[in-house]
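Mapping of the sequence shown onto mature numbering (1 follows the signal peptide of the UniProt record, and there is no 0): residues -35 to -1, 1 to 191, in sequence order. All residues carry an ideal CB built from backbone N, CA and C; glycine is no exception. Have a look at the structure below, then the notes.
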Amino acid sequence: MNGHDRNMQAHRSHSTSMVFLLGVVLLTIIHLVNTTVPCTENNSKILQKGVKLARLMNRTTADITKTYQAYQGDFVEQFCKMSMDNVPASTLSGRTSSERVLSIYTHLKEFLPHVKKVLEQQNDLQPPSSPLLPVLSQLKEQINHLAQRVNCIFQILQPNILVPEPPAWPTRIPPAQNIFQQKVYGCVVLTRLSEFLSATLEELRSLKGSMGKKRTGKELLSNSWN
Ligand SMILES: *[C@@H]1O[C@H](CO)[C@@H](O)[C@H](O)[C@H]1NC(C)=O
Ligand SMILES: *[C@@H]1O[C@H](CO)[C@@H](O)[C@H](O)[C@H]1NC(C)=O
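Shown next as structure tokens:
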């Protein structure tokens, strides 16, 4: 490590925890995104990386949600639990592993336009220097990236079925909102996403557990249809 790096580190330790979070997210993204070529790795590797990314996202999204709340000014956490029909649910559906993996994929695609909208709104509400903006923008990239990995995992489970790409999504982005409604909407999106990522992590972990017992994709497949 050269002096420059050391200086950067010293500097970082004096900065806010948000800047630290940003650094961690950036470094990990670079690490994870470097290996983007989808579905060419062997099965255990694909699952392993999926779990790793889901774990990272589960952690950072919880942090981002807290930071989001802190940056909205006078804001009560209770708002984030409000029921909002247009925001995707945080629970997975499906009886079998492949159905649930498909449900993860569908949810990720559904969350994406909402996270984009939240980023857009925060772009207007926050000063350009707000650390919330880059982390939200990275979250968007991570969602895309996890969707790619989950797509590959689905192909392990169902080698002969193409992941059904949904037609034009009914994104159900809320129409014009006042500033307060925007803040609440953003927090509901992030809170649901956070809960959904926890369920996703759990599902991928259990899949890894069953594949770790040397079951092939084929065995998992017949398993998952019984
Ligand atoms: C998968 O790849 C890893 C490393 O690339 C290797 O250690 C492992 O033996 C491979 N597993 C199979 C089943 O090919
Ligand atoms: C996801 O992160 C939250 C917050 O850090 C944690 O409480 C939860 O246990 C995590 N989920 C899983 C499945 O590990």
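query: The stretch 97 to 106 touching the stretch 115 to 123, judged by at least three CB pairs closer than 8 angstroms; result: no
query: Alpha-carbon to alpha-carbon, F161 and D50; result: 15 angstroms
query: Inter-residue Cα distance where the pair is K81 and Q87; result: 10 angstroms
query: Beta-carbon spacing of V154, V83 below 7 angstroms; result: yes
query: Contacts around G15, its chain only, beta-carbon distance under 6 angstroms, and the 5 residues preceding and following it disregarded; result: R114, I118 and L169
query: N-terminal and C-terminal residue of the alpha helix (DSSP H) that G15 is part of; result: N8 to A35
query: N188 versus L12: straight-line alpha-carbon distance, rounded; result: Reliability fails at N188, whose pLDDT of 44 lies under 50, so the model's placement of it is uncertain and no value is given.
query: Exposure label - A35; buried when at least 16 CB within 10 Å; result: exposed
query: Inter-residue spacing [alpha-carbon to alpha-carbon] between R65 and L57; result: 6 angstroms
query: C-alpha distance - S94 paired with G151, whole-angstrom precision; result: 19 angstroms
query: Close beta carbons around Q91, own chain, < 8 angstroms, minus the five adjacent residues each side; result: Y36, L97 and L98
query: CA-to-CA distance, L111 to L(-4), given in whole angstroms; result: With a pLDDT of 47 at L(-4), under the threshold of 50, the predicted position of this residue should be treated as unreliable, though the coordinate-derived value follows. For L(-4) and L111, the distance between alpha carbons rounds to 10 angstroms.
query: Contact set for Y148: own chain, Cβ-Cβ below 7 angstroms, skip 5 residues either direction; result: A small correction: the amino acid at residue 148 is Lys; Tyr does not occupy that position in the sequence shown. Around K148: Q37 and F40.
query: Spatial distance of S48 from S63 (CA atoms); result: 29 angstroms
query: Status (buried if at least 16 other CB within 10 Å, exposed otherwise) for residue 200; result: Here the chain covers residues -35 to 191 and nothing more, so residue 200 does not appear.
query: Cβ-Cβ distance between R20 and L158 below 7 angstroms; result: no
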